[in-house]
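Residue numbers (the working numbering): 191 to 460.
Now the structure itself:
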């Protein structure tokens with residue numbers, strides 16, 4: 191009875207999270223929904239007398255793969271926009287073919303589940319003498335080809351990600367001595383001032399106030415300020431709002447200059 195209740199509760203949770211993963215517009219929400227799906231699968235494995243699979247699901251997939259996704263999101267940034275330009279020709283056609291094939295596999299799996307007698311993970315574990323021997327027997331005998339193909343696909347995906355993320359260095363890499371010299375010869379050798387207090391709560395996206403009551407532009411977090419500007423969140427003080435907009439416009443101008451410089455270096459290299 192308890193196993194049935196757990197299955198139906200986790201089935202609703204995992205399917206809802208999977209739908210949220212597909213239809214979420216923000217990558218952060220999709221990553222969170224994927225974590226919910228992985229944890230639900232781990233609990234289902236534990237209920238089906240498969241503790242090894244449950245541990246692997248939590249340690250490897252939820253702990254390692256999810257951290258990889260979060261690191262990728264951190265590298266991409268919170269203020270980057272998704273490109274809607276299709277760079278691969280025919281990807282919609284092949285995606286449709288893959289979707290139809292996946293739907294056929296789901297239909298075959300559902301038919302096998304309905305018409306074939308249910309055996310369960312517990313029965314297979316008992317026949318093999320344990321969870322680990324049962325898993326090893328299936329991987330290295332019946333599904334050895336699929337296992338090797340999956341490993342080859344993962345290696346290919348890792349190499350493809352490295353090739354796509356590789357950027358030609360247009361200037362020599364700065365050493366620690368160069369970074370320290372640039373910091374102490376620049377206009378701000380000390381750390382930037384912390385955020386100030388806005389309304390009744392500390393706000394990291396609000397600028398700090400100098401002793402004379404004026405606003406310090408160096409304390410504005412540019413990433414959060416641009417994120418707030420995209421969402422339409424503005425300070426109620428007109429002076430602070432104008433200063434935030436000025437800092438954002440300056441930051442955008444600097445990014446455009448850097449992009450133009452890199453494009454010019456790439457043209458010269460060609």
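Don't be surprised by glycine CBs; every beta carbon is placed ideally from N, CA and C. The model shown is predicted, which means the values in this text are computed figures rather than measured ones.
Considering only residues of the same chain and omitting the five flanking positions on each side of residue i, which have a CB-CB separation below 8 angstroms?
i           : result
residue 223 : 207, 208, 210, 211 and 214
residue 379 : 373
residue 400 : 406
residue 263 : 217, 218 and 221
residue 197 : 234 and 237
Have a look at residue i and residue j and give me their C-alpha separation to the nearest angstrom.
i           : j           : result
residue 454 : residue 363 : 19 angstroms
residue 439 : residue 225 : 37 angstroms
residue 391 : residue 219 : Below a pLDDT of 50, predicted positions are generally treated as unreliable, and residue 391, at 44, falls in that range; the measurement from the model is reported next regardless. If you take the alpha carbons of residue 391 and residue 219, they lie about 26 angstroms apart.
residue 348 : residue 283 : 25 angstroms
residue 329 : residue 353 : 31 angstroms
residue 296 : residue 258 : 28 angstroms
residue 350 : residue 237 : 38 angstroms
residue 376 : residue 216 : 37 angstroms
residue 316 : residue 289 : 36 angstroms
residue 355 : residue 260 : 16 angstroms
residue 195 : residue 286 : 36 angstroms
residue 249 : residue 334 : 23 angstroms
residue 340 : residue 318 : 24 angstroms
residue 388 : residue 403 : Only weak support exists for where residue 388 lies, its pLDDT of 44 falling under 50; the value from the coordinates is given anyway. Each residue's alpha carbon lies about 13 angstroms from the other.
residue 299 : residue 307 : 13 angstroms
residue 337 : residue 345 : 13 angstroms
residue 449 : residue 360 : 12 angstroms
residue 409 : residue 436 : 13 angstroms
residue 293 : residue 251 : 24 angstroms
residue 332 : residue 325 : 11 angstroms
residue 343 : residue 291 : 18 angstroms
residue 303 : residue 201 : 16 angstroms
residue 367 : residue 253 : 36 angstroms
residue 381 : residue 358 : 31 angstroms
residue 205 : residue 279 : 32 angstroms
residue 398 : residue 365 : 32 angstroms
residue 281 : residue 301 : 30 angstroms
residue 369 : residue 245 : 44 angstroms
residue 199 : residue 305 : 24 angstroms
In terms of residue numbering, what span does the alpha helix (DSSP H) encompassing residue i cover?
i           : result
residue 282 : 281-305
residue 327 : 321-327
residue 373 : 366-375
residue 204 : 192-213
residue 248 : Neither: residue 248 is in no alpha helix (DSSP H) and is coded neither H nor E.
residue 340 : 334-355
residue 226 : 217-237
Going by alpha carbons, who is nearest to residue i out of the options?
i           : options               : result
residue 221 : 256, 242 and 232      : 256
residue 230 : 203, 325 and 285      : 203
residue 193 : 239, 253 and 216      : 239
residue 243 : 404, 335, 323 and 403 : 323
Who are the Cβ neighbours of residue i in its own chain at under 7 angstroms, not counting the five residues just before and after it?
i           : result
residue 247 : 228, 231, 232 and 235
residue 241 : 321
residue 327 : 318
residue 270 : Because the pLDDT of residue 270 is 48, which lies under 50, any placement of that residue in the model is unreliable, and the number read from its coordinates should be weighed accordingly. Excluding positions up to five away in sequence, the list is empty.
In chain order, what residues of the same chain lie with their CB nearer than 6 angstroms to the CB of residue i, ignoring the 5 residues before and after it?
i           : result
residue 451 : none
Have a look at the DSSP bridge pairing and note the partners of residue i.
i           : result
residue 406 : 398
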